[in-house]
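Only one structure is covered here, and it is reproduced in the block below.
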Amino acid sequence: MSTDGGGFALLAHKTSAITWTVPSNYTRVDPFTSHQWSSVLGNASIMDFRVQVSTSNNFSDTKAHWLLRLNNSRPLKELMVLGKGGCDSSSPGIGDVAFVKNLMTEHVVTRSFRCSKFGLAHSPESMIGW
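First residue of the sequence shown? That's 0 in our numbering, and the numbers climb one at a time after it.
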């Protein structure tokens with residue numbers, strides 16, 4: 000796999016539908032509990048965001064592996080945007096994306112990606128969203 004001149008750091012490892020396990024903080028984060036940041040990595044400047052999906056912990060059976068290259072670097076804590084970068088004002092997501100690359104095939108699959116949405120904004124009443 001090529002990182003196109005960059006590098007990656009593991010920030011989270013999702014092991015179930017409700018749990019995020021982050022190496023620097025073992026406190027569970029659920030969708031409808033108080034928000035927290037796991038470390039001081041929020042100020043780190045990022046240009047790429049990578050998602051790898053596998054059904055095993057060692058990633059030997061990876062099902063999807065995507066790279067989202069941003070148009071401009073920004074702090075990790077500002078990865079999700081709302082009302083800009085192709086994301087509308089009612090749903091946060093990863094916007095201002097230059098291209099999406101399939102890291103399993105090493106091919107850029109689109110240069111017209113608008114916004115990687117993660118559902119509606121947090122709503123405890125409807126029990127949907129983060």
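Positions of the beta carbon are idealized from the N, C-alpha and C atoms, including for glycine.
Source: prediction; values computed, not measured.
Nearest neighbour of residue i, chosen from the options [CA to CA]
{"i": "L81", "options": "I45, S44, R113 and G41", "result": "R113"}
Residue i in three-state terms, based on DSSP
{"i": "K76", "result": "helix"}
{"i": "N42", "result": "helix"}
{"i": "D47", "result": "strand"}
{"i": "L102", "result": "coil"}
{"i": "N71", "result": "strand"}
{"i": "G82", "result": "coil"}
Whole-number beta carbon distance between residue j and residue i, since they are thought to touch under 8 Å
{"i": "L67", "j": "S115", "result": "7 Å"}
{"i": "G94", "j": "K83", "result": "6 Å"}
Euclidean distance between Cα positions of residue i and residue j
{"i": "N71", "j": "S59", "result": "32 Å"}
{"i": "A43", "j": "L75", "result": "6 Å"}
{"i": "V107", "j": "G41", "result": "27 Å"}
{"i": "A63", "j": "C86", "result": "23 Å"}
{"i": "S55", "j": "A97", "result": "30 Å"}
{"i": "S90", "j": "T104", "result": "30 Å"}
{"i": "T61", "j": "S88", "result": "33 Å"}
heavy atom of the ligand COA below 7 Å from residue i C-beta
{"i": "L78", "result": "Although the ligand COA was asked about, the structure shown includes no ligands whatsoever."}
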